[in-house]
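Engineer: One structure is given below, represented as C-alpha cells, and several questions about it will come after.
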Amino acid sequence: MAGREASADGGRVGGPEPAFNYRRSSIRSSASIISDVEMAQDEIYAGPMSESIPSSVASFVPRRSRRESQLSFTYFRETPDVPEWAVEDAVEDEDQGTNGYAEGYEVDIEETPPSPSRISMDSHAARDSFDAPLLHRYDSTKDSIGRQLLGETTSQKIYVATEDLTAVIAGFNTSVAGYLLYLAICLLSCGLGYLLLRWLPRWRVKLIGTPTPLCRCQWVVVEDQWAQVTIQEVVSQPYDRPLSTIFGAPTKDVDAPMFDEEHDPALPNLRYLDYRYIRFYYHPTEDLFLQCTGWKDPSWTNIKALRIGLTAEERDSREQVFSSNIIDIQEKSIPQIMVDEAFHPFYIFQVASLILWSMDEYYYYAACIFIISVLSITTTTIETRSTMRRLREISHFECDVRVLRSGFWRSIQSQDLVPGDVYEVSDPSLTQVPCDCLLLTGDCIVNESMLTGESVPVAKAPVTNEALTSLDISAPSVQPSVAKHSLFSGTRIIRARRPQDPKDDEAVALAMVIRTGFNTTKGALVRSMLFPKPSGFKFYRDSFRYISVMGIIAAFGFIASFINFVRLGLPWHTIIVRALDLITIVVPPALPATLSIGTNFALSRLKKEKIFCISPQRVNVGGKLNVVCFDKTGTLTEDGLDVLGVRVIRKPDLRFSDLLPESSSILPHQSYERDPTMDYHANRQILYTMATCHSLRVVDDELIGDPLDVKMFEFTGWSFEEGSHNATDTELDRDYGSPSIARPPADFSPEYNEHEPNSNPLELGVLRSFEFVSQLRRSSVIARQFGDPGAFIFVKGAPECMKDICLPESLPPDFEDLLSFYTHRGFRVIACATKHIQKLSWIRVQKLHRSEAESDLEFIGFIIFENKLKPSSKDIITELNQAHIRNIMCTGDNILTGISVARECGIIEASSPCFIPRFVEGNIFDPNARLSWENTEDSDYLLDENTLTPMPTRGGTDLSVPYRGPQYSIAVTGDIFRWIVDYGSTEVLNKMLVRGQVFARMSPDEKHELVEKLQSLDYCCGFCGDGANDCGALKAADVGISLSEAEASVAAPFTSRVFDISCVPKVIREGRAALVTSFCCFKFMSLYSAIQFTSVSFLYASASNLGDFQFLFIDLLLILPIAIFMGWIGPSSTLCRKAPTSNLVSLKVLVPLLGQIGICIIMQLIVFEAVQFQDW
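For the sequence shown, full-length UniProt numbering begins at 1 and goes up steadily by one.
Right, here's the structure in full:
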C-alpha cells in the first residue's frame, strides 16, 4: 500500500517546520495537529545541517523596527477598555511612564519597538474556549488605581531588537485539578491524550494552567510572531541586592541616592526565565520581565576608574546576574532525540499502521516498514546529534586569561569573566577574544571575518572618554565611534601590543569586559543559527492542507467500505481492519518525506560546487527569485583596485595635469631630470597624502589593511614603519611612544623639500589619524615632517564631500568635468586635499577637533583607481537577464562609476537611457524639496517628477514613445533614496523601486532597507555580496549569498567559496529543480495513492484484496525508486524565462493531477466491469 512505504526513502525528513508563516503581515491559520509539532529532525531544518555547519559566523545586523505591525497572537487580542483594571497606560511613552530602570529594553505593544514601559497587561480573565487568546489588550488612562494594582499583570508583549522578535509572555501556575485531569486523560486514553496534548501545546496550557500575575507565576507561555509557542519555567534565587545591579541605575531621579530604598529597592529574590538563550529578569517596580543586556556600570565614565578591576564581591554579584561567560548550547541526549522523533505524528501514524497490518497478517510488509522506520529514526538521531555537537564545538570557547581582581593579577578561566573585569589582551597565549570588551591600553589588530565575512584585518585603538560616554550597550548594533575601540567575542587576535611606556616595566594591553556569553555579538549570531526566521515558503503548509483533503476522501472511503463489508456479512474484526487500511493508502505516511528529496539532493550538488547552505528551506525559495541585488566592489568587480594614476593641480592656471601613471612621474627622483619651470608643490603634497593618509599596519613585515590603501601606498614606492604611540585623552600628558613614519626611497631628493632645506633625511610622522567614517566618506591624518615645527593635514575621500571642505579658490573649473569623465568610464576617483599649520604642538594636535582639521583645505588632485570587472560577471548577468530575472547594483561607490560598471556588465543596456535625480529645491532634510530626474548623457532629457515617466524635450520631441517600456533605467544615490522613502510619494517610491537599476552611495542600513522595500512590492529578492557591509541586506533578503572564504557563515543562508557571482544562477537552478522535484514527487505520490485506493476499493467491493507481496512489490520496488530518482536528477543547464509555480493549491497543479486521477479511476472502472462479464 501507499501507506506502507513510509520512511522507505530513509526517513531523513520527518516533517515540516513546527509552524508555518506567511510573508509580511499575513497571519497563520489556526493550529493543526501536524503544524505545531516539533520533531528532532526540525533542528536540522531550523538551522544548519550536519554536512554544512558553518566554521565561522558573521555580524548580526537586525532588521529595522517593525512599523505599522499587523501581527496577531493566539494569546493576544483587542478588547474594550477596562479602566477599572488599569495598571498604567497600555501604550505609554517612556518619559510619561515608568521610573527609568528599564532603559535600553524593548517592550513592544504593537507598532515600532517602543520604550521599555510600553506594555500590555491584563488581570485575571475568564477562559471559556480553547481558541480564546490568553492575552487581552486594553488602553486606559493612567490614574491612581494603576499603582494600587501594580503586581497584577498577567501578560506582556515584548520586542527584542537584536532578534527582530516580537513575543507575548503570559504567566501561569499549575492547576492541581487541571493537572489531575490531564493525568487521567493520558491514562484512560492509553497515551493518546498525552500525544494529542503534546502536539497541541495550547490545549495543554488551557487544561493545566491557571493565569497568574507575572510576579507570582511558576511558568510562562511565550508566543512569538510566527505563532510558535514555548513553555518556560520561572527560576527564583535568593539575591538581596539593589535593583540597579540588574537593570542599571535609575535615570529619572538623578539626585536620588544610589541605593535609596525608594528609588533603588533591594531585591530579596531574583526571578528570571530563559527563552532562546535570552535571559529575562522580573522587574518588580515595572511588573515586567525585562532583559538586562543594556546594563552599564555607573562608574564607566572615566578610563582611569576602569583600570582598577573588580572586587570578589562585585564579581560574585555580577556572575549571578550575567551567568558564566560561555556560549554553551544545550545538547539533547540520544534517548531524548529518539523520543522527539518517534513521537512525531508521522511516526505515530506509522506505528498505528504497523499494528493494523499485523492484525491483518501483513507480516512481511509490516516487518519491512518497521526496519525502515527504525533505521530512519536512528539515522535522524545520529545526524541531529552530530549537527548539534558540531555547532556546540563551534560556539563553545574557553581559555585561560590574566584578570585583575581586588588589585592583584590572577589567572582564571575565561568562563569566569563578568562585565567590568579587566584582563590582559597582550598575553601571547590569547589567540581569540573571549568576550565583548573595550580596549583600554595598547593596540590590537584583529580579524573580524567571523563577524563580518570580511577578511581584511581591523586595527583597534584604546577607548577614549568620549567614546565611553557614548557607549550604549543596549543598542542592537555598535556605534561606529565605539566599534573602533571594541573587541568582539570570537574574533581572532593577529597582534596585541603593549603600550610603550618607559615608566612602566609591566605595561600590558588591557581590555574591560562589557558583555559575556549569549549577550555578546557572537552569542546573537549563534542564536540566529539556532532560531532562524521562517522563510515564509507556503509549500509545506499547502501540502498538509492537501493531505487534510486526502484524509477527508479516506473518511468517505472508510464509510463506503464499512457499509459494503456489513452488507457482505464479514466479521466485525475484518470490517474494522480493512476499512482503516484504506486510510493508510490514501494518506501515505511517507508523503512528507518525499517532499524534501529534491532539497537534499540540491544541497549535495551545491556543496560540490563549493556553495554551502545553513538553511535548507531556503533552497526552494531560491527557485522563486525574480530580482537579485549585487554589491559592486569584490562581487561584480575585482577585490583589489589598481592605481591608474593621479591628476594633480597645476598652478597658477589651476588646471589638472596630465595623467601621471607612476610615482616617479609625480615627483621625479634624483635619477630623473625635472622640469625647472614646473611647480612641484601639488605633486609633493599628493605624494605625501598617498604615503601617510591610510590605516595600514605592519605585521611580520607585511602591510595589512584596506586593499585600496595597500595599493595606494605601494604605488608611492615608500616604506612604512608603524609607530608604537596611540593617542587617547588619558595620555595627553605622557611623552612616550613614537608615531608611524613614512620614508621615501633612497634616491628621493630632499632638496625639493620647502620646509626642510638642509640635508636631513625626509620623514613624515603621523601624529594623529581620523579614521574613515561612512557618513563623512573621508579620512585624514595630521603628519609632521622631520624638523618642521608645524604640521600637515592630509585628507582623502569621495570627491562629492571634499568640495564642501576645500577652499573654493583651490577648486579647478573643470573639477566636475574630469570627475564625470573618469566615473563614466568605471574608474574610482579619490579626491585629495591638504593644509599646513605653521606651529602646532603635540598637545594641540591631540586636542584638535576633526571638524577644525578638515576645513579650509587646499584641493591638490585626484587619485584614479581602476576597478576591473570580474571575468564571469558579464556572462552571468546576461544569463540572468535572458531568464527575465531583474538585476540591481547596490554599491557605496560613486553613482557614475556604478552606472558605468552596470553598463559594462549588462545590468543596464548599452543603449538604454539612464536618469539620475538631483535636488533643484531644498535638500535631503527638507520635506518640500523638489527633484529633477536628468539623463546622464543629455540633461535636456527629463522624467516627470511625479510619475517618473519620460517628458518631451525642450525642443518639442516626445520621448515618451521610445522610453515607454523597459528601455530606460534609474540610478539613485543613498541620500535621495532616503529622502524619497521619508518624504516622497508612494507612486514615486514604487516607480523608483521598479525602474531603479543602480543604487549608489548606499550605507549598510540603506542596502538593508532597499531589500525590504523591494520585498514590500512582492518581489522575491536575493542579495549577493562579500559580507563586509552587506550583512543586514544578506539577512533581510529572501535568499542571501555571501562570498566568503569560510565554509559557511551566518551572514547569509548561502556561502560561496568561489569569489564570483556564478553562484547566483547555480542557486536559482538548484532551487527551481528542488521546487519542481518537490511538486512532482508530491503529485506522483498523490496519484499513486489515489490509484491504489481505487484498486483496493474495487477489490473490497467483491470481498477481495491485494496480496502482501503484491503490496510489497508495488510500494518498495516500483514506487520508491521512481520517487528517489526523480529527485536525484539535476537541474537544467540553462535558466528558463518562466519560473516554476510555487503554489501547490493552484489550478495549474490541481487540474492535471485531478484530471489524471479521474482518467485512471475511469479506466480501472471500465476494466473492473469488463472483467465481470468474462467467463473465466
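The C-beta atom is built at its ideal place from N, Cα and C for all residues, glycine as well. Quantities reported herein were computed from a predicted structural model and do not represent experimental measurements.
1. If you draw a straight line from the C-alpha of K1007 to the C-alpha of M889, how long is it?
2. Sort Y688, I686 and P707 by Cα distance to L696 and report the nearest one.
3. So what does DSSP say about R402, is it helix, strand or coil?
4. Give every residue of the same chain whose Cβ lies closer than 6 Å to the Cβ of N935, excluding the five residues on either side of it in the sequence, and list them in chain order.
5. Would you mind giving the Cβ-Cβ distance between V1064 and V628, rounded to the nearest angstrom? I have them listed as a contact below 8 Å.
6. What three-state label does DSSP hand M951 in the structure shown?
7. For D36, count neighbouring Cβ atoms within 10 angstroms of its own Cβ and tell me buried if that reaches 16, exposed if not.
8. Inspect the beta-carbon positions of residue 1178 and G790 and report whether they are closer than 7 Å.
9. Let me check understanding here. Comparing Cα to Cα, which of D975, D436 and V160 lies closest to S774?
10. Do E430 and H485 have their C-beta atoms within less than 7 Å of each other?
11. Decide if A177 is buried, meaning its Cβ has at least 16 other Cβ atoms within 10 Å, or exposed.
12. Less than 7 Å between the beta carbons of T897 and G826, yes or no?
13. With which residues is T633 paired in a DSSP beta bridge?
14. Count the other CB atoms within 10 Å of the CB of H884; is the residue buried (16 or more) or exposed (fewer)?
15. If you follow the alpha helix (DSSP H) that E937 is in, where does it begin and where does it stop?
16. Give me the Cα-Cα distance between S769 and T692, rounded to the nearest whole angstrom.
17. Please determine, among G1127, T1134 and R886, the residue with the shortest C-alpha to C-alpha distance to C1021.
18. So, P462 versus T441, is the Cβ gap smaller than 7 Å?
19. Mark P927 as exposed unless 16 or more other C-beta atoms lie within 10 angstroms of its C-beta, in which case mark it buried.
20. Within the present structure, is the beta-carbon of C1020 separated from the nearest heavy atom of the ligand MN by less than 6 Å?
21. Does DSSP classify W842 as helix, strand or coil?
22. Give me the Cα-Cα distance between residue 1182 and I1161, rounded to the nearest whole angstrom.
23. With three or more beta-carbon pairs closer than 8 Å as the criterion, would you say the stretch 1082-1098 touches the stretch 632-646?
24. Taking all protein chains shown into account, do 16 or more other C-beta atoms lie within 10 angstroms of the C-beta of W226, making it buried, or fewer, making it exposed?
25. Sort out for me which residues DSSP pairs P917 with in a bridge.
26. Ordered along the chain, which non-local residues of its own chain (more than five positions away) have a Cβ less than 8 Å from that of I473?
27. Bridge partners of K460, per DSSP?
28. If you count every other CB in all the chains shown that lies within 10 Å of the CB of Q882, and 16 or more means buried, which is it?
29. I need the straight-line Cα distance from C816 to F280, nearest angstrom please.
30. When DSSP builds the beta bridges, which residues end up paired with C806?
31. Note down the Cα distance separating P265 from R241, rounded to an integer number of angstroms.
32. Need the endpoints of the beta strand (DSSP E) that P335 sits in, please.
33. Which residues does DSSP pair with M889 in a beta bridge?
34. What does D982 pair with, by DSSP beta-bridge criteria?
35. Can you list the alpha helix (DSSP H) stretches of 4 or more residues lying completely in the stretch 300-383, in chain order?
36. In whole angstroms, what separates the C-alpha of L134 from that of F172?
Structural biologist: In short, the structure shows the following:
1. 10 Å
2. P707
3. strand
4. P913, F915 and Y941
5. 6 Å
6. coil
7. Because D36 sits at a pLDDT of 39, beneath the cut-off of 50, its placement in the model cannot be relied upon, and the point is left open.
8. As displayed, the chain neither begins before 1 nor continues past 1176, which places residue 1178 out of reach and without an answer.
9. D975
10. For the sequence presented, residue 430 should be read as Leu rather than Glu. Not closer than 7 Å, so no.
11. exposed
12. yes
13. T637
14. exposed
15. It is not in any alpha helix (DSSP H) - E937 carries neither H nor E in the DSSP assignment.
16. 9 Å
17. R886
18. yes
19. exposed
20. Judged by which ligands are present, the structure shown has none, so any question about the ligand MN falls away.
21. helix
22. Because the chain is modelled from 1 through 1176, residue 1182 falls outside the range shown and cannot be assessed.
23. no
24. buried
25. W933
26. G104, T293, G294, W295, K296, I514 and R515
27. C444
28. exposed
29. For the sequence presented, residue 816 should be read as Glu rather than Cys. If I take the Cα positions, the gap works out to 56 Å.
30. L857
31. 8 Å
32. Per DSSP, P335 belongs to no beta strand (DSSP E); it is in the alpha helix (DSSP H), I334 to A342.
33. F630 and V998
34. Looking at the DSSP assignment, D982 forms no beta bridge with any residue, so it has no partner.
35. 303-306, 312-322, 334-342 and 345-359
36. Only weak support is given to the placement of L134: the predicted model assigns it a pLDDT of 40, under 50, and the question is left unresolved by the model.
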